[in-house]
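Have a look at the structure below before the remarks.
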Amino acid sequence: MVKEIFCEFIKANNRNIRFCSIRDEEINPDHDFRLKTANSVVRQTHTVTGLQFRNCNFSIIPNPKILTNYFTCLEFLDLRACGIKKLEREQMKHFVALKEIHLNDNLIEFLSADLFIDNKYLEVLILSNNQLKYIEPEVFDYTKKLTNVDLSNNVNIDIIYAKGSNITLKQFKNEIRLKCQPDWKIIHEQFKDSVEEKEQKKMFEIRELNAAKKELEKKISDLTIQKSEAEKKIEKLTKKVEEISQNQSKKSQETLKSILNDENFKDFTIKIKDKNFKVHKIIIAAHSSLIAEILNDRPEIESLNFEDFDPETFKIILDFIYDKNIENEQKNFIEILKISGKLKIKNLMEISAEKLIQEATPKNSFEILLLANKYDLEELRQKAFDEFKKNFPNKNLKPDLASQTDKLRKLVEIKRLMDEIVDDEEE
């Protein structure tokens, strides 16, 4: 049922329209002869372009589908002061030709983003004196012909947009975004009976996720910048620390070197063949695990004798212990590794192994292999074995042979004998 229809010609926004008001008395649009009002009134409504409700009380727009079936040319809709609480796309989608709608003096609180998707011809929207709290800014993205929007005297917003006025549409939307940003939890409670609640909830969740994503991306960007700045600071501090450390190390080395050259307070002697090296017991024991073990067992001794060491090589090692420096040039790192290995000077063993990896050749590979196996220096063993194989170009030597010292000795001895036989035959 609809109310009684009263039709007249009036002007609205400079347009002549055939205008109808719906009043309190009910009429019969469905051929129910129990009512007094004739159906002929309803049959003429296809020419009506305006519709106005008076003395009505709705919570939503009443039966929009039925209304638009009878009023097929509606361009003007006046629903002011009708107690309307909800305005939804499900209602508005039937008014596809609508150009002007008056909804002032109602109880509407929320406008969703999809509300006017189907109202592409809408020019005038009056929503003053409502209870508007939440408006999605996108609500006006689909109404490209808007010339006037009145949102004055609402709960969270009080603004009017008129085309050509001082307020641009962009400023108008920004004001909505600033003052009427939706809060889904509140809206869910107030609009939980909405026919499109699930869709609205999904839209809000997506929007909240996108907002959270943007905020997270910004935080990540800020953290990346902070990380970059922190890395630069760390790099500077590291360089400074290294510089200080190098200076201190240099000073320490200079101090130790001066101690080596100073005969005072030297309390221990290392005898190598006909050479005697005066040293400080505490310094030499701190670097050589072997000497430390001996002194722990026999703290009273004042000298040690190593007849199989080369005096010149030991002098190089002694300089390293006090100076922490060893030059590459003209140093026999095979001999240095032999002595540092026997004395268990770990850091010098590592340095010697690194140098021999660079210096390994087919000629010295066997001697290096023996040392690598003796002190279990894997990287040096592999490099020396690669060079060793070059002495046997026509033989496929298996990788596990590299660690088998006895077999290597036999192989070298066999090669030596073969070379001697070949040399004798040639003579």
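For this note's numbering, add 9 to where a residue sits in the sequence shown, where the first one is 1. In this text, a Cβ means the ideal position worked out from N, Cα and C, and glycines have one as well.
**Report entry** Assigned exposure category for K404 - 16 Cβ within 10 Å defines buried
**Finding:** An exposed status is given to K404, since fewer than 16 other beta-carbon atoms sit within 10 Å of its beta-carbon.
Query raised in the report: Around the C-beta of T322, are 16 or more other C-beta atoms found within 10 angstroms, so that it is buried, or is it exposed?
Result: With a 10 Å radius around the Cβ and a threshold of 16 neighbouring Cβ atoms, T322 comes out buried.
Report task. Determine the contact status of I366 and K392, defining contact as a CB-CB distance below 9 Å. Result -> By the CB criterion at 9 Å, I366 and K392 fall inside the cutoff.
**Report entry** Cβ-based burial, D167 [other Cβ within 10 Å; buried from 16]
**Finding:** With a 10 Å radius around the Cβ and a threshold of 16 neighbouring Cβ atoms, D167 comes out exposed.
Query raised in the report: Under 9 Å between the Cβ atoms of S137 and D123?
Result: If you check the CB distance, S137 and D123 do not come in under 9 Å.
Query raised in the report: Where DSSP assigns a beta bridge to F277, which residues make up the other side?
Result: Answer is V288, bridged to F277.
Requested in this report: Might you give, ordered along the chain, the residues of its own chain that have their beta carbon closer than 8 Å to the beta carbon of H289, omitting 5 neighbours on each side?
Outcome: Contacts found: I268, F274, K275, D276, F277.
Requested in this report: Using three-state DSSP, classify K424 as helix, strand or coil.
Outcome: Helix.
Query raised in the report: Per DSSP, A171 is paired with what?
Result: A171 pairs with N157.
**Report entry** Rounded straight-line distance, which links the Cα of S230 to that of K399
**Finding:** Roughly 56 Å between the two C-alpha positions.
Query raised in the report: Do you know how far the Cα of K222 is from the Cα of R216?
Result: When rounded, the distance between both Cα atoms is 10 Å.
Query raised in the report: Whole alpha helix (DSSP H) runs in the region 339 to 391 with 4 or more residues, listed along the chain?
Result: Counting only runs of 4 or more, we get 342 to 352, 355 to 368, 374 to 383.
**Report entry** Contact under 9 Å by Cβ, F104 with L83
**Finding:** A contact, by the Cβ cut-off of 9 Å.
Query raised in the report: Run through DSSP, which three-state label would N305 get?
Result: Looking at N305 - three-state DSSP - the assignment turns out to be helix.
Query raised in the report: Is the number of C-beta pairs between the region 107 to 120 and the region 87 to 95 that are closer than 8 Å three or more?
Result: Flag = yes, the region 107 to 120 and the region 87 to 95 touch.
Report task. Note the first and the last residue of the continuous alpha helix (DSSP H) segment covering I126. Result -> Here I126 belongs to no alpha helix (DSSP H), and DSSP marks it neither H nor E.
Report task. Please state whether DSSP places I144 in a helix, a strand or coil. Result -> DSSP places I144 in strand when its eight states are reduced to three.
Query - Contacts around K108, its chain only, beta-carbon distance under 6 Å, and the 5 residues preceding and following it disregarded - result: Excluding sequence neighbours, K108 sits near E84, Y130, E132.
Requested in this report: Have a look at L155 and S237 and give me their C-alpha separation to the nearest angstrom.
Outcome: About 49 Å.
Query raised in the report: In whole angstroms, what separates the C-alpha of L417 from that of I330?
Result: Taking C-alpha positions only, L417 is separated from I330 by approximately 34 Å.
Query raised in the report: Using DSSP with H/G/I as helix, E/B as strand and the rest coil, what is Q61?
Result: Strand.
Report task. Note down the Cα distance separating I293 from I303, rounded to an integer number of angstroms. Result -> So the two alpha carbons sit approximately 12 Å from each other.
**Report entry** Of the listed residues A295, K287, H296, nearest to S504 (C-alpha basis)
**Finding:** Not covered by the structure: residue 504. The range shown for the chain is 10 to 436.
Query - C-alpha gap between I377 and P408, whole angstroms - result: Straight-line Cα distance between these residues: approximately 16 Å.
Query raised in the report: Are F315 and K280 closer than 9 Å when you measure CB to CB?
Result: Yes, the pair counts as a contact, with Cβ atoms nearer than the cut-off.
Requested in this report: Find the nearest neighbour of I345 within the set P371, K424, D317, T370, judged by alpha-carbon distance.
Outcome: With distances taken between Cα atoms, I345 lies closest to D317.
Query raised in the report: By the 10 Å Cβ neighbour count, where 16 or more other Cβ atoms means buried, how is T414 classified, buried or exposed?
Result: With fewer than 16 other beta carbons inside 10 angstroms of its own, T414 counts as exposed.
Query raised in the report: Would you say N165 and K142 are within 9 Å of each other, going by their C-beta atoms?
Result: Note that the C-beta distance between N165 and K142 is below 9 Å.
Query raised in the report: Under the three-state reduction of DSSP, which class applies to H437: helix, strand or coil?
Result: Given a span of 10 to 436 for the chain in the structure shown, any question on residue 437 remains unanswerable.
**Report entry** Pair within 9 Å by beta-carbon distance, A362 and E396
**Finding:** Inclusion of A362 and E396 in the CB contact set at 9 Å is not warranted, their separation being larger than that value.
Query raised in the report: From R425, S374, F401, pick the residue whose C-alpha is nearest to that of S412; which is it?
Result: Here the closest residue by C-alpha is S374.
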